[in-house]
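J.: Read top to bottom, the protein sequences are chains V and Z.
The opening position of the first sequence corresponds to residue 0 in numbering that gives the first Met the number 0, with each subsequent residue numbered one higher.
The opening position of the second sequence corresponds to residue 0 in numbering that gives the first Met the number 0, with each subsequent residue numbered one higher.
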Amino acid sequence: MQTNAIQRLAAICALAFAPVALADVGMAAGNLAPQETGSGGVATIEVDGVVRADRLAYKQFSNGFRLRAGNVLARARDGSGRELTTRTFALRDGYDYVLLLTGNGQAAPYQLKLAVDHNYPIHAGEWTDQDIHAAPIATSTGLRRFNTRVSCGGGRTDLGAFEYGDGTLDNGRSYHNSHRGFAGNGDDQPCIFRLLDPGSTAPVVETVFQPETGVRYRFFAVGDGVRQPLEALVWLQRREPTVATVAPSAGMEGLWLDPANPGAGVSIAYDPDALQQNLITAVIYGFDETGRATWNFLQSETGLVRGVGIFEYAGGSPAGNRGTVRYRLTTGGTLEFHSCSTATLTLRLPSEPLFPAGTAFGQLEPPRDAIRLVRVLPAGSACSNSANFG
Amino acid sequence: MIRTLALLALLGASTSAAAIDVAIGNLAPGTLEREPVAVFVDGDQVSRNLAYRRFVRLDLPEGSHRIAFVAPGDSAAPLVERQFTVTARNGTTPTVVLAGNGTTQPYSIEFHDGSSQPATAAARPSISLHHLAPFERAEATDRHLVAGTVCRNNAGHGSTQTRDIVYRGEAVFDPGDLPRLLCTASFVLPGVGGFELPQLSLPPNGVMRVYLIGDAVNAPFEIIAVVGTEVQSISGAGATNPSAIIRSPTFWFDPDRPSEGVSLFEQTGNSAAFGTWFTFGADGHPVWYALVGGTGTSFLRREFTVYEARRAGEVQSLAIVGSAVLQYFDCNTAELRVVLGGSDLRTLRLRRSRPVEVCIALDRNG
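Below you can see the structure in the form of structure tokens.
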């Protein structure tokens, strides 16, 4: 009996702090390559020798498919079966990707590029976008750059400068700027996605679309201006359920983890006697950039500046001499509860690095930097009762 | 040294003349990284180690003086310096404080000489709220706070007053002349939240200064109440160890080791227990361990295997690094003995950070 109990708890421990064998990764493929006319313009994309997207027309995307995590070999062929390019990618458990055939074989070579979906929740009334520059237009100074802008109703969001390849892993990031996608209220208001020349306010091209809430969009600059015209392309990538926000309560206390980030555990405490801005405190368990287990302290701060502050204690000793402990802010963010068993911890402090060295977030990287938490202890999805804690 | 002796001689001489108590404080969270700071008055060092949130008293003659705050090792370049004039005022201790953090707000020296206090014939209590929390754009009017006091005596009589305040601003409140007033001071960001410090007992005939300090980067926001050089009260948010902040049935701390603790869970319906121990390595680096185990040889005893996790890229490992025994004494006190690497014995005398009346741990039958 005791052995079984320990095994059960060991399983919880392994779930919280050891590798999680997620089933696979999600992927979709797209053809954004303006090919020469004789090729028919279509592309077939294989992964590890298996055709995953057959004869995609230009600007066409495949349905989603699942793959095992790990290294995969991707190959693109034109309509005649001729190999255009191959490339190996390392796919991470639990991630979602878009695999794109880009280039025109002239200004930019044919190349498969990979973009990662961010994992930020979408709230009711919101949609998100991620943006990719895949328009290989040659200029005398290199490939053409753009500024990008989304205008919805009376408001607009400048998405920033846009270079060829931005938004894919080739540029070391999946977002072209710090906005990390745009979320807004699209109710009954059409939006316009625009490409502008740097320094200009006049759009070069634009696309009007009616946004839906709960949708992940991807915005593209496509076309080479020769075989295919430059376009501002809006792709409705996926619909997903929106999340709600609920006020923190004692029911949220317990041990939480992020299944997609093994080792990211959070012990959450709720103090009903604390000041309103300090109801939630937590200890976060993770790994620094060297892979060493480390912890930080979280304190809710609905007071002056942030939603939560992530603090580091350092310089402590096994003797616990409080006088030697250094206490400093490492980053800020938000901790948002969707229910008593699901929550999202996002880290953000505009003026500082997202994941400072030495903190428990050294292994996180954008755009997968939201920690999507589920509560594992006390077990079950119901709001916990403190009498169950031990 | 000679200059210091000269100053002491000067101070000794001036004490018999018109010497006035002056309070000098360090409320600059930016000094935490290299605390303490040294204080020079008229070129002489009067404090070698003025730590954050501390005040010192100095007797100075009436008249003009120059004060400089200097970080250790930077004696040639003070953080900031300023001229100020000491004047005798009814019931007021002239107060000089270092503020700012050197980043979001520059270092500054604030001087409060009581000139803004209520003009009354006889000295009586007053309370001044100062916004010295140097967060970004704190000086902007669109980020103003509302400073307030609620002062009541035990009959419920008193007053409530509020006033807008921006960074480096002062809000002076006259609580009236009712005896035995207890006040609550607060700073609120409208529509968002705020901080308050209750149970402030005003001095009978002097000024209580209440400061909002901290920048939430170098030091947390907190309220500190000072009379003269004596710190009367500090809001709980300023505690710099987890045991003072985390209040939950799942968290346990050793009062003698407040910077580390244990998050502990007992499973209902079986004898299993699980915990995380967040502590420090020998090098001072924060490190956590997973404790997995269950009922030991008695029903109040839990035996754990101690795991340490590491991660290298996508590969994560979980290694057994020791063992631990938890002995419950009751629902809210216990002792945890941990052996790491076969020899490193650590003992934590734990208290549950928010006590409970009933608990699973004592309900088990073994």
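Quick reminder that beta carbons are idealized off the backbone N, C-alpha and C, glycines included.
Would you report the Cα separation of V/V169 and Z/S297, rounded to the nearest angstrom?
T.: In the sequence as presented, Val is not what sits at residue 169 of chain V; that position holds Asp. Near 59 Å, if we compare the C-alpha coordinates of Z/S297 and V/D169.
J.: Going by DSSP, what residue range makes up the beta strand (DSSP E) through Z/I164?
T.: G157 to I164
J.: Quick one: is V/L346 near chain Z, going by C-beta distance under 8 Å?
T.: no
J.: Less than 8 Å between CB atoms is the rule here; does Z/L344 satisfy it with respect to chain V?
T.: no
J.: Can you tell me where the alpha helix (DSSP H) with Z/A360 in it begins and where it stops?
T.: I359 to D362
J.: Check Z/I233 in the structure and name its three-state DSSP category.
T.: DSSP places Z/I233 in strand when its eight states are reduced to three.
J.: Pair every Cβ in the region 126-133 of chain Z with every Cβ in the region 157-169 of chain Z, then say whether three or more of these pairs are closer than 8 Å.
T.: yes
J.: Would the beta-carbon of V/T147 fall within 8 Å of that of V/L194?
T.: In contact: V/T147 and V/L194 (Cβ atoms closer than 8 Å).
J.: Among residues of its own chain, excluding the 5 on either side of Z/A238, which ones have a beta-carbon nearer than 7 Å to its beta-carbon?
T.: Below a pLDDT of 50, predicted positions are generally treated as unreliable, and Z/A238, at 49, falls in that range; no measurement from the model is reported.
J.: Could you tell me the distance, in whole angstroms, from the CA atom of Z/S200 to the CA atom of V/A359?
T.: 42 Å
J.: Any Cβ of chain Z within less than 8 Å of the Cβ of V/F286?
T.: yes
J.: Can you check the region 169-196 of chain Z for any beta strand (DSSP E) of at least 3 residues that lies completely inside it and give the ranges in chain order?
T.: 169-172 and 181-188
J.: Quick one: residues in its chain with C-beta nearer than 6 Å to the C-beta of V/E400, no 5 flanking neighbours on either side, listed in chain order?
T.: The displayed coordinates of chain V run from 0 to 389. Any statement about residue 400 of chain V would go beyond what the structure contains.
J.: At a Cβ threshold of 8 Å, is V/P261 touching chain Z?
T.: yes
J.: Could you tell me which chain V residues have their CB closer than 7 Å to the CB of Z/S247, listed as they occur along the chain?
T.: Per Cβ cutoff of 7 Å: E252, A268, Y269 and D270.
J.: Using CA atoms only, rank isn't needed, just tell me which of Z/A37, Z/T30, Z/V95 and Z/S107 is closest to Z/D20.
T.: Z/V95
J.: Identify every residue that forms a DSSP beta bridge with Z/E82.
T.: Here residue 82 of chain Z turns out to be Gln, not Glu, going by the sequence shown. Note: Z/Q82 sits in a beta bridge opposite Z/R65.
J.: Pairs of beta-carbons, one from the region 346-355 of chain Z and one from the region 321-334 of chain Z, closer than 8 Å: are there three or more?
T.: At 8 Å Cβ cutoff, the stretches touch.
J.: Just to make sure I have the definition right: I need the residues of chain Z whose C-beta is within less than 7 Å of the C-beta of V/R226. Which are they?
T.: Ordered by position in chain Z, no residue passes the 7 Å Cβ test against V/R226, which lies about 40 Å from the chain.
J.: On the DSSP bridge assignment, give the partners of V/A42 in chain order.
T.: Note: V/A42 sits in a beta bridge opposite V/L55 and V/D77.
J.: Could you have a look at Z/G292 and say whether DSSP puts it in helix, strand or coil?
T.: strand
J.: Closer than 7 Å by C-beta to Z/I359: which residues in its own chain qualify, once you throw out the five before and the five after it? Chain order, please.
T.: E265 and T267
J.: Identify every residue that forms a DSSP beta bridge with V/N295.
T.: In DSSP, V/N295 forms a bridge with V/I283.
J.: Does the Cβ of V/A369 have 16 or more other Cβ atoms within 10 Å, making it buried, or fewer, making it exposed?
T.: buried
J.: Residues bridged to Z/R348 by DSSP?
T.: Z/E334
J.: If you count every other CB in all the chains shown that lies within 10 Å of the CB of Z/L344, and 16 or more means buried, which is it?
T.: exposed
J.: Name the two residues that bound the continuous beta strand (DSSP E) containing Z/A87.
T.: Counting along the chain, Z/A87 falls outside any beta strand (DSSP E), and DSSP gives it neither H nor E.
J.: Tell me whether V/G308 is buried or exposed, calling it buried when 16 or more other Cβ atoms sit within 10 Å of its Cβ.
T.: buried
J.: At 8 Å on the CB atoms, spell out the chain Z contacts of V/Q362, in chain order.
T.: R310
J.: Return the Cβ separation of V/V24 and V/L90 in integer angstroms, given the expectation that the two are a contact with Cβ distance under 8 Å.
T.: 5 Å
J.: From which residue to which residue does the beta strand (DSSP E) around Z/I126 run?
T.: S125 to H130
J.: According to a CB-to-CB cut-off of less than 7 Å, which residues of the region 205-222 of chain Z neighbour chain V?
T.: A215, V216, N217 and F220
J.: Which bits of chain V does Z/A360 rub up against, with CB to CB less than 7 Å?
T.: Near Z/A360 (Cβ distances below 7 Å), the residues of chain V are G389.
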